[in-house]
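Q: Take this structure first; my questions come after.
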Amino acid sequence: MSNVEATTDNRTASRWEQLFDRSTRELLVGLLFAAPYLVLFSVFLLYPLLKGLYMSLHEWNFLEPSKSTYVGLENYARLLEDPAFWNALWNTLEFVGMTVPLIVGVSLVLALGLNKELKGSRLLQFVYFSPYVLTVSVVGIVWAQMFAQGGVGTQYFGWLFSGSPLNSKFWAMPVIVVTTVWWQAGFYFAVLLAARQNVPERLYEAARLDGAGPWRMFRDITLPHMKNALLFVVIASTIFQFQVFGQPYLMTKGGPVGNTETLVYYLYELGFQTRELGFGAAVGYTLLLILVGVSVLNYVLVGGNDE
Amino acid sequence: MSRNTTESDEPNSTKLTRRRALSAGGAALATGIAGCAGLTGGGGSGGGSSSDGSGDGGSSGDVEIDYWMYFGAQEREEMTALIEDFNAQDNGIHVNAQGIPFSEFLNKLFTAVNSGNAPHVASYYGSYGRHLKPITHSIDDYLSDGAANKYFDIAWENLQVDGSTYALPIDIHGKALYTNDSVLESAGVDPDFSDWQAFSEACDTIVSDTDSRAFSFLNWNSGQAAFRAYIIALTQAGGDIVTGDPGSYEVAYDDDVGMQTAELMSKVTGDFGWDTPQFQSDSARVQDFLAGDLGMFIAGTWSVNNFENESGELPEGLDFSFQKPFMFPGDGDEVAWCESNSLYFPTNSNHTDAEKQAAVEFAEYVTQNNTLWASAGGHLPAAKSVATSSEVKNTALWQDYGTISTMYEMVSDGQVRYQPKTSVHINSNRFWGPFMDMYLQNTDVQTGVTNSANALQQALDQ
Numbered sequence: 001m002s003n004v005e006a007t008t009d010n011r012t013a014s015r016w017e018q019l020f021d022r023s024t025r026e027l028l029v030g031l032l033f034a035a036p037y038l039v040l041f042s043v044f045l046l047y048p049l050l051k052g053l054y055m056s057l058h059e060w061n062f063l064e065p066s067k068s069t070y071v072g073l074e075n076y077a078r079l080l081e082d083p084a085f086w087n088a089l090w091n092t093l094e095f096v097g098m099t100v101p102l103i104v105g106v107s108l109v110l111a112l113g114l115n116k117e118l119k120g121s122r123l124l125q126f127v128y129f130s131p132y133v134l135t136v137s138v139v140g141i142v143w144a145q146m147f148a149q150g151g152v153g154t155q156y157f158g159w160l161f162s163g164s165p166l167n168s169k170f171w172a173m174p175v176i177v178v179t180t181v182w183w184q185a186g187f188y189f190a191v192l193l194a195a196r197q198n199v200p201e202r203l204y205e206a207a208r209l210d211g212a213g214p215w216r217m218f219r220d221i222t223l224p225h226m227k228n229a230l231l232f233v234v235i236a237s238t239i240f241q242f243q244v245f246g247q248p249y250l251m252t253k254g255g256p257v258g259n260t261e262t263l264v265y266y267l268y269e270l271g272f273q274t275r276e277l278g279f280g281a282a283v284g285y286t287l288l289l290i291l292v293g294v295s296v297l298n299y300v301l302v303g304g305n306d307e
Numbered sequence: 001m002s003r004n005t006t007e008s009d010e011p012n013s014t015k016l017t018r019r020r021a022l023s024a025g026g027a028a029l030a031t032g033i034a035g036c037a038g039l040t041g042g043g044g045s046g047g048g049s050s051s052d053g054s055g056d057g058g059s060s061g062d063v064e065i066d067y068w069m070y071f072g073a074q075e076r077e078e079m080t081a082l083i084e085d086f087n088a089q090d091n092g093i094h095v096n097a098q099g100i101p102f103s104e105f106l107n108k109l110f111t112a113v114n115s116g117n118a119p120h121v122a123s124y125y126g127s128y129g130r131h132l133k134p135i136t137h138s139i140d141d142y143l144s145d146g147a148a149n150k151y152f153d154i155a156w157e158n159l160q161v162d163g164s165t166y167a168l169p170i171d172i173h174g175k176a177l178y179t180n181d182s183v184l185e186s187a188g189v190d191p192d193f194s195d196w197q198a199f200s201e202a203c204d205t206i207v208s209d210t211d212s213r214a215f216s217f218l219n220w221n222s223g224q225a226a227f228r229a230y231i232i233a234l235t236q237a238g239g240d241i242v243t244g245d246p247g248s249y250e251v252a253y254d255d256d257v258g259m260q261t262a263e264l265m266s267k268v269t270g271d272f273g274w275d276t277p278q279f280q281s282d283s284a285r286v287q288d289f290l291a292g293d294l295g296m297f298i299a300g301t302w303s304v305n306n307f308e309n310e311s312g313e314l315p316e317g318l319d320f321s322f323q324k325p326f327m328f329p330g331d332g333d334e335v336a337w338c339e340s341n342s343l344y345f346p347t348n349s350n351h352t353d354a355e356k357q358a359a360v361e362f363a364e365y366v367t368q369n370n371t372l373w374a375s376a377g378g379h380l381p382a383a384k385s386v387a388t389s390s391e392v393k394n395t396a397l398w399q400d401y402g403t404i405s406t407m408y409e410m411v412s413d414g415q416v417r418y419q420p421k422t423s424v425h426i427n428s429n430r431f432w433g434p435f436m437d438m439y440l441q442n443t444d445v446q447t448g449v450t451n452s453a454n455a456l457q458q459a460l461d462q
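Chains A and B are the protein sequences, given in the same order.
According to full-length UniProt numbering, the first sequence is numbered sequentially starting from 1.
According to full-length UniProt numbering, the second sequence is numbered sequentially starting from 1.
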């Protein structure tokens, strides 16, 4: 490097240093690096989020947004008095309440079972994970066909229900739950299997030497070491299940008797069937608040005091 | 959403049978088109978005028209043939057609208009004029002289919204009663029903004396189907879906007449035991009908197409009738529900006047030269000269099966009625899902009708 270039660089550096102190400089550099993501985040997440909030305070005119009327919290007040909203909320809670424990339980059992070096365990890992690569459209249509009148599932389980369970107000939701568990457990199984494989084997060896049985080892070694992964599985699957839409849309259209109409399905109907976008946005924001609350609750109850 | 093959005036997934292929070929030859090369051979159901063959080959300088249709395989083939025919005329207009799945059609259309990307022409139901008014434009200034006189009055009047014309009708289609006369004969009942007493006795006899289900009122897992079936019985009972003027409609079917009609509908799978409280796929219901496991069902004029086997022939020994569905009880009018597949003209500020004119010319051509729509599609064309043409009258559908001829009679005698033109998407499951639940015995009639009526009234009030 020539002396002239070195002098120029020093002058530039000093100007840069004169303009900003060190922490500001670091902040600006950090922002510059984060800019690509921040742009995408702002355009595709932040803007819709704020626009949704704005819409929820209006009676929204779909075709001429400028003619939308500000109604304050009226949409939220209407929501509280709307039996369809409460029905959808109850159905969603019912779905989450059944699905999350099953997903956690099934994926944990699979992860613990396949952690052993058994013949064919690799193949089974692939088999259990594979449903997760399917789209909800494929899953919904296949399971809807299976449990339609005359479908193979309906025939096979004919002793359990008469006719298609998707037409039964008692069985429709359980079938959607089972469909969802079949579809998604594979992903959480992979997460938990990875967590289980990170538990040092020497701990089990020491425990065995101390005379600990399988249950004791599971309780005192496996569970504590998998706690973070389990917390992730519980929170992630809870958030995901609260947003269930594709399965009821494809399998039951929210029926029968609205028994499988979930919050997002209800939101969809408001937005795209009756085109009440302002009210729909209010439902969406309510769902957001519920999800934030549930996440905080999950964190407090299941974990969060980790050192 | 699983598609329905005979229920709807919607995408129809029936295969192209030999008769239809011959009809299509004949019509194409008659109009000088070189074969059926333009027919999309699509199977499948209702289909994803796709551009049809008609989209290629416009001459430079042609006015380009975009057309969105929701028709499924069979009807799409017929419409595509009509478009090919139009494009082949080389009249300075070229139409690019695109198929949009029916279930997403309205959403996509509204979004397209909102974003300034609407097509020039779009299919939808004639009764949706008020719902589509905010996103379509009137065509009175673009219509040719005397256009109104070319269509059946009832179809033309249905397309008027606040005194202006917003669409042109392709057809008039409706629902009526199919009877498997072999089943009726084995039960010893006369297949000619003029009143509820005769009909209900026949159904009871079929159930007691045969192994067949007597009567399927609805089976398609859709609110739209339930609505259409209900409205036939309700009108004959003297009830209405809504009363009052457009803009201030009041839901009316939660009165005694509406409740009683819903009760009757529910009893078909309940107390009467004429049908099982289960939805079949529509093709399964047709198979039951053809196999003699189902005596009678309500279905569209076009449903007969699905009776044919792959050779385009009816199953051997099938003896069926198609009759006006005027057997329901009550003091109302003997009218049946009807609808028109129609062509609308979505709003788009980018469309020039020449394009709008060309779009209407295309629509007039398609709606006034569509013998294929009858001979192969099973619909009664809305243009009078086409409906009564020898090409249509010589079809098996008119002469042998009596479906189109019966529909023609009903239209000519004022025995059909369109559903109310509301500003809301009235066919939505949101309003008619409870009727499906009543049919499935999942809810009682009082609750079902009340929920349905409240939801519709709430939407109308918005």
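A virtual CB, placed ideally from N, CA and C, is assigned to each residue, including glycine.
If you drop the 5 nearest sequence neighbours on each side, which residues of the same chain put their C-beta closer than 7 Å to that of S405 of chain B?
A: If we look at S405 of chain B and ignore the five residues flanking it on each side, its Cβ neighbours are W398.
Q: Listing by chain order, which chain A residues have their CB less than 8 Å from the CB of L218 of chain B?
A: Neighbours of L218 of chain B on chain A: none; closest Cβ ~13 Å, over 8 Å.
Q: Residues in its own chain within less than 7 Å of D62 of chain B by CB, not counting five upstream and five downstream?
A: So the list reads G92, I93 and H94, once near-sequence residues are dropped.
Q: Between B:M296, B:D282, B:V257 and B:D254, which has its C-alpha nearest W274 of chain B's C-alpha?
A: Of the listed residues, the one whose Cα sits closest to W274 of chain B is B:M296.
Q: By the criterion of Cβ-Cβ separation under 7 Å, what are the contact partners of L267 of chain A in chain B?
A: Going along chain B, no residue has its Cβ under 7 Å from L267 of chain A, so there is no contact; the nearest lies around 13 Å.
Q: What residues of chain B sit near T92 of chain A, judged by a beta carbon separation below 9 Å?
A: Correct list: empty, because the minimum Cβ distance to chain B is about 18 Å.
Q: By how many angstroms is the C-alpha of S311 of chain B removed from the C-alpha of Q260 of chain B?
A: When rounded, the distance between both Cα atoms is 44 Å.
Q: T92 of chain A lies in the alpha helix (DSSP H); which residues open and close that run?
A: Per DSSP, T92 of chain A belongs to the alpha helix (DSSP H) from P83 to G113.
Q: Less than 9 Å separating the beta-carbons of D66 of chain B and V121 of chain B?
A: Yes, these two residues count as a Cβ contact at 9 Å.
Q: Do you know how far the Cα of V234 of chain A is from the Cα of N298 of chain A?
A: If you take the alpha carbons of N298 of chain A and V234 of chain A, they lie about 8 Å apart.
Q: Suppose only complete runs of 4+ residues qualify. What are the alpha helix (DSSP H) ranges in the stretch 230–285 of chain A, listed by chain order?
A: You should have 246–251 and 263–268.
Q: Counting only beta-carbon separations shorter than 9 Å, does G258 of chain A have a partner in chain B?
A: Interface residue, yes.
Q: Taking any Cβ of chain B, which residues in the stretch 147–167 of chain A have a Cβ under 9 Å from it, in chain order?
A: Correct list: A148, Q149, G150, S162, G163, S164, L166 and N167.
Q: Rounding to the nearest angstrom, what Cα-Cα distance links F328 of chain B and N306 of chain B in this structure?
A: Roughly 26 Å between the two C-alpha positions.
Q: Would you call the stretch 125–143 of chain A and the stretch 212–223 of chain A in contact, with 3 or more CB pairs under 8 Å?
A: Contact fails: fewer than three Cβ-Cβ distances are below 8 Å.
Q: Can you list, in chain order, the residues of its chain whose CB lies under 8 Å from that of L31 of chain A, leaving out five sequence neighbours each side?
A: Same-chain partners within the cutoff: L38.
Q: Does chain A have any CB closer than 9 Å to the CB of P191 of chain B?
A: For P191 of chain B, the answer is no, since every Cβ of chain A falls outside 9 Å of its Cβ.
Q: What alpha helix (DSSP H) runs, 4 residues minimum, are completely inside the stretch 119–186 of chain B?
A: Within the stretch 119–186 of chain B, the complete alpha helix (DSSP H) runs of at least 4 residues are 129–132 and 153–158.
Q: Counting beta carbon pairs with one atom in the stretch 345–357 of chain B and one in the stretch 410–426 of chain B, are three or more of them shorter than 8 Å?
A: The stretch 410–426 of chain B is not in contact with the stretch 345–357 of chain B.
Q: Just tell me which of A:V71, A:V104, A:A207 and A:P248 has its CA closest to the CA of M226 of chain A.
A: Per the Cα distances, A:V104.
Q: When the cut-off is 9 Å and only beta carbons count, does Q241 of chain A lie next to chain B?
A: Output row for Q241 of chain A: interface = no.
Q: What whole-angstrom Cβ distance do W432 of chain B and A226 of chain B have, given they're in contact under 8 Å?
A: Right, their Cβ atoms sit about 5 Å apart.
Q: Whole-angstrom Cβ separation of V175 of chain A and F147 of chain A, contact assumed at under 8 Å?
A: Indeed they touch by this definition, with Cβ atoms about 5 Å apart.
Q: Grouping DSSP H, G and I as helix and E and B as strand, with all else coil, what is I100 of chain B?
A: Coil, per DSSP.
Q: Considering only DSSP beta bridges, list what E59 of chain A is partnered with.
A: A:T69, per the DSSP bridge assignment.
Q: On the three-state DSSP scale, how would you describe G47 of chain B?
A: Confidence in G47 of chain B is poor, its pLDDT being 38 and thus under 50, which makes the residue's placement unreliable; the coordinate value appears in the next sentence. Coil, per DSSP.
Q: Identify, in the order they occur along the chain, each residue of the same chain with its Cβ nearer than 6 Å to the Cβ of G244 of chain B, setting aside the five sequence neighbours on each side.
A: Around G244 of chain B: E250.
Q: Do you know how far the Cα of A111 of chain A is from the Cα of N451 of chain B?
A: If I take the Cα positions, the gap works out to 46 Å.
Q: For N75 of chain A, does the three-state DSSP call read helix, strand or coil?
A: In this structure, N75 of chain A counts as helix in the three-state DSSP scheme.
Q: As a quick exercise: from A:Y128, A:L93 and A:L223, pick the residue whose alpha carbon is nearest that of S184 of chain A.
A: It should be pointed out that residue 184 of chain A corresponds to Gln in this sequence rather than to Ser. Per the Cα distances, A:Y128.
Q: Buried or exposed: where does A359 of chain B fall if 16 or more other Cβ atoms within 10 Å of its Cβ makes it buried?
A: Result: buried.
Q: Give the C-beta separation of T367 of chain B and L168 of chain B to the nearest angstrom, bearing in mind that I take them to be a contact with Cβ-Cβ under 8 Å.
A: The Cβ separation is near 5 Å, so the contact holds.
Q: Between the stretch 118–135 of chain B and the stretch 66–76 of chain B, do three or more beta carbon pairs fall short of 8 Å?
A: Yes, they touch.
Q: Any idea what DSSP makes of N341 of chain B, helix, strand or coil?
A: Note: N341 of chain B maps to strand in three-state DSSP.
Q: Between which two residues does the beta strand (DSSP E) containing residue 330 of chain A stretch?
A: As shown, chain A starts at 1 and ends at 307. That puts residue 330 of chain A outside it, with no answer to give.
Q: Which two residues bound the contiguous beta strand (DSSP E) that contains Y67 of chain B?
A: Residues V63 to M69.
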